[in-house]
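**Student:** Sharing a structure below in structure tokens format, with a few things to ask.
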Amino acid sequence: MWDYTEKVKDHFLNPRNVGEIENPDGAGEVGSLACGDALRLTFKLDENKRIKDVKFKTFGCASAIASSSALTEIIRGKTLEEAAKVTNQDIANYLGGLPEEKMHCSVMGREALEAAIANYRGQKVTKEDFEVICNCFGVTDREIIKAVRENDLKTVEQVTYYTKAGGGCGQCHPKIEAIIEKVRKEMEKGAPPPKAEKKKLTNIQKIKLIEETLGREIIPALKADGGDLDLIDIEGNKVLVALRGKCSFCPSSEFTLKQYVESKLREFVSDDIEVEEVRP
Amino acid sequence: MKTVYVDNNATTKVAPEVLEVMLPYFSEYYGNPSSMHFFGGQVQKKVDEARAKVADFLGAEPSEIVFTSCGTESDNAAILGTLDSYPEKRHLITTRVEHPAVDNVSTYLGRKGYRITELSVDREGRLDLDELRESLTDETTLVTIMYANNETGVIFPIEEIGEIVKARGIPFHTDAVQAAGKIPLNMKKSKVDMLSISGHKLHAPKGIGVLYIRKGTKFSPFLIGGHQEKGRRGGTENVPYIIGLGKACELAKKHLDEENTRVKPLTDYLEAKLLEKIPNTLVNGDRVHRLPNTVSVSFEYVEGESILLLLSDLGICASSGSACTSGSLEPSHVLRAMGVPFTAAHGSIRFSLSIYNTKEEMDYIIEHLPPIIQRLRDISPFWKDYLKSQGKI
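Which chain is which? The protein sequence lines are A and C, in order. My numbering puts the first residue of the first sequence at 5, with every later residue one more than the last. My numbering puts the first residue of the second sequence at 143, with every later residue one more than the last.
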């Protein structure tokens with residue numbers, strides 16, 4: 005049985021925005037009955053060119069239906085420029101993740117969106133413009149390249165999970181391998197230089213930044229769960245805090261402290277920060 | 143939530159009577175049957191009794207029964223053990239619809255340079271025996287053809303096939319994992335040389351299987367080790383499971399009539415009601431030559447995994463030949479070999495019953511499945527298109 009997240013199950017059992025909009029501004033359809041899944045997406049824009057209404061119809065498994073439902077929720081209210089930036093990873097993240105073998109469902113969502121936007125803009129995206137690599141599932145080089153780039157794919161198996169390419173007879177595996185190699189080389193060349201070191205802070209600056217980060221990034225999130233946190237002291241890179249409210253007796257407080265508070269402070273202040281709890 | 147278990151071709155419940163007879167062999171009678179002392183000797187006697195029960199169930203001699211760990215091992219041993227006995231011959235004949243325990247072994251042998259013939263099936267899942275006749279050569283080492291298909295329940299004419307194969311003096315193996323306990327098997331009157339069965343498909347536990355090897359059949363052990371099973375399968379006997387399988391075979395023999403008088407009417411009732419209540423439903427496979435407990439149906443324009451999860455949400459446990467359930471991307475090799483239309487290949491559901499199922503359970507499925515299919519069709523882009531094309535909306 006697939007290990008679906010609660011969010012996938014929820015969007016499968018209670019899909020949002022099912023249907024087809026009559027006279028839509030944009031419509032896109034990808035997949036087919038033979039392939040085992042298909043998605044038809046229709047949307048309408050409001051006077052500010054934002055997506056006012058969006059609906060889907062999907063033939064496919066639970067994760068295909070959930071991905072479609074998630075997609076509609078993500079893009080509603082967005083401009084087309086904003087919507088065009090949505091990646092398949094965004095769809096998967098919205099659902100709290102998908103089993104890797106099912107990632108192609110999120111890719112199908114992104115492709116339908118792309119097709120619908122192109123349809124609105126009067127552009128025609130046809131498969132004929134690209135080389136079909138996988139004949140069993142009709143997947144082109146363009147789709148494979150995009151999936152490899154956006155999801156940092158390394159193996160043929162992963163490409164199959166994300167695009168279905170190579171999931172049939174397997175004859176295209178050498179071609180897929182060549183594409184992966186080529187794209188990864190390009191990615192390495194074009195990769196941004198490693199992140200600049202964080203600026204060296206004076207002690208006063210550091211204390212101020214820690215306080216700011218706690219106030220802006222951390223405490224509101226804890227409060228949302230009925231907890232709180234007080235800054236007790238700062239000794240060098242050691243930040244001493246006391247957990248309050250629900251956090252003080254929460255069994256996962258150690259986890260909260262290290263995985264959440266510490267990693268946030270490291271992100272915003274300094275890589276060498278260590279958080280320690282002071283108990284009363 | 144109530145559980146309606148209709149996935150008995152996947153595995154079955156261990157019969158309470160089976161579990162009961164097994165238990166003393168874990169803690170009380172734990173001796174090794176091969177030991178010289180009384181403590182092992184008493185266990186040996188019980189293993190012999192169990193072997194006799196299995197033999198009786200199959201219409202075989204006790205000496206023709208080899209206990210294995212599962213159906214897959216039995217299939218592997220039959221194929222590889224025979225090939226090993228005829229090193230000069232390098233041609234295997236099988237079908238396109240075998241279980242992976244045979245199918246993947248033949249793929250493996252193909253890679254090793256064996257010539258493999260995979261017989262095709264028609265739209266109903268039936269073999270063409272002329273194709274078999276034409277495929278047999280002097281080079282043919284073994285013919286291995288399943289007794290009944292796990293996905294569709296279609297029964298192959300094993301005795302007719304046996305006549306054809308044995309007329310050429312070629313060894314013949316059948317994977318009877320799905321047939322055993324559902325239809326009568328009698329090796330005394332059979333042309334079969336080797337036959338595989340699996341305990342957990344007939345209310346014994348997982349982890350025990352049998353390979354029947356007809357007296358006089360050339361065979362080299364697949365699991366090489368001690369003298370157990372008359373040198374045909376090394377490894378200390380899995381005593382509690384052998385005892386359990388003996389009991390399960392005794393029960394299966396007793397219940398065989400009920401497969402036709404009780405299980406088959408339930409299967410037929412379920413099939414008829416689903417066809418009546420859900421439009422665009424197809425039955426996969428020959429409905430006449432079929433196991434009494436199995437029905438595979440396809441619902442057009444919807445996908446199997448979605449159906450299964452919605453059924454599962456109601457406590458109904460079935461299975462599907464759909465791609466998405468297995469992690470593969472194509473529908474099952476069985477449905478593809480049969481040429482099930484692509485509108486239906488992804489929407490197949492298999493119900494496989496047992497003597498523990500009731501009419502109430504069938505009614506529960508019949509009540510809940512139609513709205514599930516309707517709900518998924520309402521989400522599917524193709525259903526409305528189809529209705530439009532038919533002038534229905």
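From the three backbone atoms N, C-alpha and C, an ideal C-beta is built for every residue, glycine too. All figures in this text were calculated on a predicted structure; none of them were measured in a lab.
#1: Express the C-alpha separation of C:Thr283 and C:His233 in angstroms, rounding to a whole number.
#2: Pick helix, strand or coil for A:Ala88, following the three-state DSSP scheme.
#3: A:Ala120 and A:Ala31: beta carbons closer than 8 Å?
#4: Of the residues C:Val196, C:Glu472, C:Thr224, C:Phe484, which one's Cα is nearest the Cα of A:Gly174?
#5: Please identify, using Cβ separations under 9 Å, the residues of the segment 63 to 86 of chain A that lie next to chain C, in order along the chain.
#6: Between C:Val430, C:Val307, C:Gly446, C:Leu450, which has its C-alpha nearest C:Glu273's C-alpha?
#7: Apply the 10 Å Cβ neighbour rule to C:Phe168 and answer buried if 16 or more other Cβ atoms are within range, or exposed otherwise.
#8: At which residues does the alpha helix (DSSP H) containing C:Ser448 begin and terminate?
#9: Grab the span of the beta strand (DSSP E) containing C:Glu260 for me, first residue to last.
#10: Could you work out which residue in A:His15, A:Ala182, A:Cys176, A:Asn207 is closest to A:Asn139 when comparing CA atoms only?
#11: Identify the contact partners of A:Gly174 in chain C, using a Cβ-Cβ distance below 7 Å as the criterion.
#12: What residue ranges within the segment 54 to 118 of chain A form continuous alpha helix (DSSP H) runs of no fewer than 4 residues, ordered along the chain?
#13: Is any beta-carbon of chain E found at less than 8 Å from that of C:His488?
#14: Excluding the 5 residues flanking A:Val282 on each side, which residues of the same chain have their C-beta closer than 6 Å to its C-beta?
#15: Quick check: the segment 167 to 187 of chain C against the segment 494 to 511 of chain C, are at least 3 beta-carbon pairs closer than 8 Å?
#16: Listed in chain order, which residues of the segment 39 to 54 of chain A have Cβ atoms closer than 9 Å to some Cβ of chain C?
#17: Going along chain C in order, which residues have a C-beta closer than 8 Å to the C-beta of A:Leu102?
#18: According to DSSP, simplified to helix, strand and coil, what is C:Asp399?
#19: Is C:Thr237 a contact residue of the ligand SAM, with contact defined as CB to any heavy atom under 7 Å?
#20: Of all the CB atoms in chain C, is at least one closer than 8 Å to the CB of A:Gly171?
#21: Could you please give the first and the last residue of the uninterrupted alpha helix (DSSP H) stretch that includes C:Gly223?
#22: DSSP has A:Asp41 in a bridge; who is on the other side?
#23: Can you name the residues of chain A whose CB is closer than 8 Å to the CB of C:Val444?
#24: Nearest to C:Glu206 by CA position, among C:Leu511, C:Ile508, C:Thr359, is which residue?
#25: How many angstroms separate the CA atom of A:Lys61 from the CA atom of A:Thr9?
#26: Am I right that C:Ile385 and C:Val208 are in contact with their C-beta atoms under 8 Å? What's the rounded C-beta distance?
#27: Measure the Cβ-Cβ separation of C:Gly457 and C:Val196 and say whether it is below 8 Å.
#28: Would you say C:Glu472 lies against chain A (beta-carbon separation less than 8 Å)?
#29: Which residue marks the beginning of the alpha helix (DSSP H) containing C:Thr409, and which one marks its end?
#30: With three or more C-beta pairs closer than 8 Å as the rule, is the segment 506 to 517 of chain C touching the segment 413 to 420 of chain C?
#31: Comparing alpha-carbon positions, which option in C:Gly481, C:Leu365, C:Val405 lies nearest C:Ser440?
#32: Secondary structure at A:Val143, three-state DSSP: helix, strand or coil?
#33: According to DSSP, is C:His369 part of a helix, a strand, or is it coil?
#34: Got a sec? Which residues, its chain only, sit under 6 Å from C:Ala487 by beta carbon, not counting five neighbours each side?
#35: Does any residue of chain A have a CB that is nearer than 8 Å to the CB of C:Ser522?
#36: Just to confirm the assignment, what range does the beta strand (DSSP E) spanning C:Val208 have?
**Tutor:** For this structure:
#1: Residue numbering aside, residue 233 of chain C sits at position 91 when the second sequence is read from its first letter. Residue numbering aside, residue 283 of chain C sits at position 141 when the second sequence is read from its first letter. So the two alpha carbons sit approximately 5 Å from each other.
#2: Your numbering for residue 88 of chain A matches position 84 in the first sequence. In this structure, A:Ala88 counts as helix in the three-state DSSP scheme.
#3: By one-based count along the first sequence, residue 120 of chain A stands at place 116. By one-based count along the first sequence, residue 31 of chain A stands at place 27. Yes; because the gap between Cβ atoms is below 8 Å, this pair is in contact.
#4: Within the first sequence, residue 174 of chain A is the residue found at index 170, counting from 1. Closest by alpha carbon: C:Glu472.
#5: Phe63, Gly64, Cys65, Ala66, Ser67, Ala68, Ile69, Ser72
#6: As a position in the second sequence, residue 273 of chain C is number 131, starting the count at 1. When only C-alpha atoms are compared, the closest one is C:Val307.
#7: Your numbering for residue 168 of chain C matches position 26 in the second sequence. Result: exposed.
#8: Mapped onto the second sequence, residue 448 of chain C falls at position 306. Note, C:Ser448: alpha helix (DSSP H), 446 to 455.
#9: Reading the second sequence from its first residue, position 118 is the one you call residue 260 of chain C. It spans 257 to 261 - the beta strand (DSSP E) in which C:Glu260 sits, taken as one unbroken run.
#10: Position 135 of the first sequence, counted from the first residue, corresponds to residue 139 of chain A. If we check each option's Cα against that of A:Asn139, A:Cys176 comes out closest.
#11: The count along the first sequence starts at 1 and reaches residue 174 of chain A at position 170. Correct list: empty, because the minimum Cβ distance to chain C is about 11 Å.
#12: 66 to 79, 84 to 88, 92 to 98
#13: In the structure shown, chain E does not exist; the protein chains are A and C.
#14: As a working mapping, residue 282 of chain A is identified with position 278 in the first sequence. Result list for A:Val282: Ile236, Leu244, Ala246, in chain order.
#15: no
#16: Cys39, Gly40, Asp41, Ala42, Leu43, Arg44
#17: Mapped onto the first sequence, residue 102 of chain A falls at position 98. Within 8 Å Cβ-Cβ: nothing; A:Leu102 doesn't reach chain C, min ~12 Å.
#18: If you number the second sequence from 1, residue 399 of chain C lands on position 257. It is helical.
#19: The ligand SAM is absent from the structure shown, which contains no ligands of any kind.
#20: By one-based count along the first sequence, residue 171 of chain A stands at place 167. Yes, A:Gly171 counts as interfacial toward chain C.
#21: Taking the second sequence and counting its residues from 1, one reaches residue 223 of chain C at position 81. Its alpha helix (DSSP H) spans residues 213 to 227.
#22: Taking the first residue of the first sequence as position 1, residue 41 of chain A is located at position 37. According to DSSP, A:Asp41 bridges with A:Ser36.
#23: Taking the second sequence and counting its residues from 1, the one referred to as residue 444 of chain C is at position 302. Residues of chain A passing the Cβ test: Phe63.
#24: In the second sequence, the residue the question calls residue 206 of chain C occupies position 64. For the residues C:Leu511, C:Ile508, C:Thr359, the minimum Cα distance to C:Glu206 belongs to C:Thr359.
#25: Taking the first sequence and counting its residues from 1, the one referred to as residue 61 of chain A is at position 57. Taking the first sequence and counting its residues from 1, the one referred to as residue 9 of chain A is at position 5. Answer to the nearest angstrom: the Cα atoms are 22 Å apart.
#26: By 1-based counting over the second sequence, the position of residue 385 of chain C is 243. By 1-based counting over the second sequence, the position of residue 208 of chain C is 66. The Cβ separation is near 16 Å, so there is no contact.
#27: The sequence position of residue 457 of chain C within the second sequence is 315, counting from 1. The sequence position of residue 196 of chain C within the second sequence is 54, counting from 1. In this structure, C:Val196 does not lie closer than 8 Å to C:Gly457 by Cβ.
#28: Counted from its first residue, the second sequence places residue 472 of chain C at position 330. Yes, contact with chain A.
#29: Locating residue 409 of chain C in the second sequence gives position 267, counting from the first residue. Run containing C:Thr409: 406 to 419, per the alpha helix (DSSP H) assignment.
#30: yes
#31: Within the second sequence, residue 440 of chain C is the residue found at index 298, counting from 1. Residue C:Gly481 is the option with its Cα nearest to C:Ser440.
#32: Within the first sequence, numbered from 1, the residue matching residue 143 of chain A stands at position 139. In this structure, A:Val143 counts as strand in the three-state DSSP scheme.
#33: Along the second sequence, one-based indexing puts residue 369 of chain C at 227. In this structure, C:His369 counts as coil in the three-state DSSP scheme.
#34: If you number the second sequence from 1, residue 487 of chain C lands on position 345. Excluding positions up to five away in sequence, the list reads Pro473, Leu477.
#35: Sequence index remark: in the second sequence, residue 522 of chain C carries index 380 (1-based). By this cut-off, C:Ser522 is an interface position.
#36: Looking up residue 208 of chain C in the second sequence gives position 66. From DSSP, the beta strand (DSSP E) with C:Val208 extends over 207 to 210.
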